[in-house]
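*Asks:* Submitted below is the structure of interest, expressed as structure tokens.
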Amino acid sequence: MNMTEMQDMQDRVDEYIGQFKEGYFPPLVQLARLTEEVGELSREINHVYGQKKKKTSEAYKPMEEEIADVLFVLISLSNTLDIDLSKAFELTMKKFESRDYFRFERKDGQTDTDANS
């Protein structure tokens, strides 16, 4: 996904929310919704990969739908707080790419020791 696509997603959510009188919920309400959606995702992951299997009476929920629900609420919260997710993502990637460059064993075999030689 390029950064324009992220802005398009933010714009699309904004257009959707903008059609309702209430508009965006306050940030704390959205945080509660985000927590709820992450909980639903956690439950599905636990059913598929964890010890707790689904009851036969529980409906199947596609993992991608649960992740997309989290993304929708996160985009809504970002729009409310006037956060450009493309810029925020770039800042975070730069942080991880520099700070954590040698945090885990690299496939190319490079180590922190090699870089400091």
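Per the working numbering, the very first residue in the sequence shown carries number 5; after that it's consecutive.
All residues carry an ideal CB built from backbone N, CA and C; glycine is no exception.
With a Cβ-Cβ cutoff of 8 Å, do Val74 and Leu45 count as a contact?
*Replies:* Numbered from 1 along the sequence shown, position 70 holds the residue referred to as residue 74. Numbered from 1 along the sequence shown, position 41 holds the residue referred to as residue 45. Cβ distance < 8 Å, so Val74 and Leu45 count as in contact.
*Asks:* Where does the unbroken alpha helix (DSSP H) through Ala63 begin, and where does it stop?
*Replies:* Position 59 of the sequence shown, counted from the start, is the residue given in the question as residue 63. Looking at the DSSP string, Ala63 is not in any alpha helix (DSSP H), and its letter there is neither H nor E.
*Asks:* Return the Cβ separation of Val77 and Glu41 in integer angstroms, given the expectation that the two are a contact with Cβ distance under 8 Å.
*Replies:* One-based indexing of the sequence shown puts residue 77 at position 73. One-based indexing of the sequence shown puts residue 41 at position 37. Indeed, because the Cβ distance is near 5 Å, the residues count as touching under 8 Å.
*Asks:* Nearest-angstrom Cα distance between Arg37 and Glu68?
*Replies:* Locating residue 37 in the sequence shown gives position 33, where the first residue counts as 1. Locating residue 68 in the sequence shown gives position 64, where the first residue counts as 1. Each residue's alpha carbon lies about 18 Å from the other.
*Asks:* Could you give the first and the last residue of the continuous alpha helix (DSSP H) run that contains Thr39?
*Replies:* Counted from its first residue, the sequence shown places residue 39 at position 35. Its alpha helix (DSSP H) spans residues Pro31 to Tyr53.
*Asks:* Between Lys65 and Asp116, what straight-line distance do the alpha-carbon atoms span, to the nearest angstrom?
*Replies:* Translated into the one-based positions of the sequence shown, residue 65 becomes position 61. Translated into the one-based positions of the sequence shown, residue 116 becomes position 112. Rounded to the nearest angstrom, the two C-alpha atoms are 43 Å apart.
*Asks:* Can the beta-carbon of Gln34 be found less than 8 Å from the beta-carbon of Thr84?
*Replies:* By 1-based counting over the sequence shown, the position of residue 34 is 30. By 1-based counting over the sequence shown, the position of residue 84 is 80. A contact, by the Cβ cut-off of 8 Å.
*Asks:* Hey, would you say Tyr28 sits closer than 8 Å to Ser90, going by beta carbons?
*Replies:* Looking up residue 28 in the sequence shown gives position 24. Looking up residue 90 in the sequence shown gives position 86. No, the pair does not count as a contact, with Cβ atoms beyond the cut-off.
*Asks:* Please name the residue in Gln55, Ile71 and Asp86 whose C-alpha comes closest to that of Gly43.
*Replies:* Counted from its first residue, the sequence shown places residue 43 at position 39. When only C-alpha atoms are compared, the closest one is Ile71.
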